[in-house]
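First up is the structure itself, then whatever we jot down about it.
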Amino acid sequence: MLLSPDFDSSADCVLYEGDCLALLKQVPDALVQLVVTSPPYNLGKPYENRLEIEDYLAQQQRVIEEAVRILRPQGSICWQVGNYVDNGEIIPLDVILYPIFASLKLQLRNRIVWHFGHGLHASKRFSGRYEVILWFTKSQDYLFNLDAVRTPQKYPQKKHFKGPKKGELSGNPLGKNPSDIWEIPNVKANHVEKTAHPCQFPVELIERLVLALSDEGDWVFDPFMGVGTTAIAALMHQRRAMGAEIMPEYVQIAKERLLLAEKGQLRIRPMGRPIYDPNNIAPPVPPQMVTLQHDLAQLPLLEEEQATYPSQQEIEETP
Ligand SMILES: C[S@@+](CC[C@H](N)C(=O)[O-])C[C@H]1O[C@@H](n2cnc3c(N)ncnc32)[C@H](O)[C@@H]1O
Numbered sequence: 146m147l148l149s150p151d152f153d154s155s156a157d158c159v160l161y162e163g164d165c166l167a168l169l170k171q172v173p174d175a176l177v178q179l180v181v182t183s184p185p186y187n188l189g190k191p192y193e194n195r196l197e198i199e200d201y202l203a204q205q206q207r208v209i210e211e212a213v214r215i216l217r218p219q220g221s222i223c224w225q226v227g228n229y230v231d232n233g234e235i236i237p238l239d240v241i242l243y244p245i246f247a248s249l250k251l252q253l254r255n256r257i258v259w260h261f262g263h264g265l266h267a268s269k270r271f272s273g274r275y276e277v278i279l280w281f282t283k284s285q286d287y288l289f290n291l292d293a294v295r296t297p298q299k300y301p302q303k304k305h306f307k308g309p310k311k312g313e314l315s316g317n318p319l320g321k322n323p324s325d326i327w328e329i330p331n332v333k334a335n336h337v338e339k340t341a342h343p344c345q346f347p348v349e350l351i352e353r354l355v356l357a358l359s360d361e362g363d364w365v366f367d368p369f370m371g372v373g374t375t376a377i378a379a380l381m382h383q384r385r386a387m388g389a390e391i392m393p394e395y396v397q398i399a400k401e402r403l404l405l406a407e408k409g410q411l412r413i414r415p416m417g418r419p420i421y422d423p424n425n426i427a428p429p430v431p432p433q434m435v436t437l438q439h440d441l442a443q444l445p446l447l448e449e450e451q452a453t454y455p456s457q458q459e460i461e462e463t464p
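Residue numbering for the sequence shown follows our numbering, starting at 146 and increasing by one per position.
Printed below as a string of structure tokens:
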């Protein structure tokens, strides 16, 4: 498998160090099946300069316009955002970003609520415990692999008790639609996937989007790649991955995570592991080791670079 630092149509993974607009300029029209990202929230995190909100929206618009240009007609864009906070007042970013997508004629399919258990404890409002994913498609004719992401039925043996289907299973034996409320732990201190990045995606969040909204061999693009979570989720499922990250230390961590994945040593929280419940005595589901179907041919070279990413043994794991 080929890893490239610039756009290369024959690569399996492109990790671009720099501004996403510079990478986007290299990408041809209508190439990518899925764009999935979590942009900076304009909160003054170490990787961003806090902008006036109009300037922030203008900057986002430039990236979104380019993301639409590179998207295939059957493709999807998933923009994962929370709140911008201004002088104690919250401004939901999905609300103020929606008009940009609508003006580009994208069609909103779901506003997915990502609910998680951990975060800051607020004292002057209720503590925030969800963010959202806006899922847009470019056309009415879009790819949606629902069967790939079905979740177990609550009562799998339940049958119709009357009518023409009497005696037949009433639920889909492949499982149920996962709905638009997703309960997935966020990556905080003790999460098995934690790196130095302050707000990385959990891999399982992106796996569900990759499986549902792309096919094997498709390109998956993340303009704000962080520590490479989107690339890991895409490569695990035989997609091709591409993304940009402006902070060199996060690009380095992304490469190190890919190297661990290539060796079969990257641990992630498995999709479908139940949420931790102290009252549930069932044995915990162990972490999953990521395996890539192909060797990342150029990655062994990275071993010579100095590691900045703590080994998985150094990261304490939650049950
Ligand atoms: C919310 S984080 C995304 C984290 C990512 N989802 C992950 O799992 O690691 C946003 C990232 O965008 C990066 N960033 C900010 N401006 C950028 C730009 N113009 N081009 C590329 N990356 C940028 C930041 O350094 C930060 O790592």
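Cβ coordinates follow ideal geometry from the N, Cα and C atoms, glycine included.
DSSP three-state label for Phe246, please. As a working note, residue 246 is residue 101 in the sequence shown. Here Phe246 sits in helix by DSSP.
Buried or exposed (CB count within 10 angstroms, at least 16 for buried), Val330: In the sequence shown, the residue the question calls residue 330 occupies position 185. Val is not the amino acid found at residue 330; the sequence shown has Pro there. By the 10 Å Cβ count, Pro330 comes out buried.
Is the number of C-beta pairs between the segment 308-315 and the segment 280-290 that are closer than 8 Å three or more? no
Compare the C-alpha of Asp325 against each of Pro173, Leu253, Ala247 and name the closest. Along the sequence shown, one-based indexing puts residue 325 at 180. Nearest C-alpha to Asp325: Leu253.
Ala378, buried or exposed, once every other Cβ within 10 Å from all chains shown has been counted against 16: Locating residue 378 in the sequence shown gives position 233, counting from the first residue. Ala378 comes out buried.
Ends of the beta strand (DSSP E) at Asp231? Counting from one through the sequence shown, the residue named residue 231 turns up at place 86. Residues 228-231.
Within its chain, find whatever has a CB closer than 6 Å to the CB of Tyr161; leave out the 5 residues flanking it on each side and keep chain order. Against the sequence shown, residue 161 aligns to sequence position 16. The answer, listed in chain order, is Leu168, Ala389.
Whole beta strand (DSSP E) elements within the segment 303-335, 3-residue minimum: 326-328
Beta carbon of Ile222 nearer than 9 Å to that of Asn228: Reading the sequence shown from its first residue, position 77 is the one you call residue 222. Reading the sequence shown from its first residue, position 83 is the one you call residue 228. Contact: no.
Should the segment 199-211 be called in touch with the segment 345-364, which here means at least 3 C-beta pairs below 8 Å? no
In angstroms with no decimal places, state the Cα-to-Cα distance between Glu349 and Pro432. Counting from one through the sequence shown, the residue named residue 349 turns up at place 204. Counting from one through the sequence shown, the residue named residue 432 turns up at place 287. Cα to Cα, the separation comes out at about 12 Å.
Below 8 Å on the Cβ atoms is my contact criterion, and I expect Gln219 with Ser183 to pass it. Report the Cβ-Cβ distance as a whole number of Å. Here the question's residue 219 lines up with position 74 in the sequence shown. Here the question's residue 183 lines up with position 38 in the sequence shown. That belief does not hold up - the Cβ atoms of Gln219 and Ser183 are roughly 23 Å apart, past 8 Å.
Hey, is Pro368 close to ligand 1, as in C-beta under 8 Å from one of its heavy atoms? Reading the sequence shown from its first residue, position 223 is the one you call residue 368. For ligand 1, at least one heavy atom lies less than 8 Å from the Cβ of Pro368.
Expressed to the nearest angstrom, what Euclidean distance is found between the alpha-carbon atoms of Arg270 and Lys303? The residue labelled residue 270 in the question sits at position 125 within the sequence shown. The residue labelled residue 303 in the question sits at position 158 within the sequence shown. C-alpha separation (whole angstroms): 42 Å.
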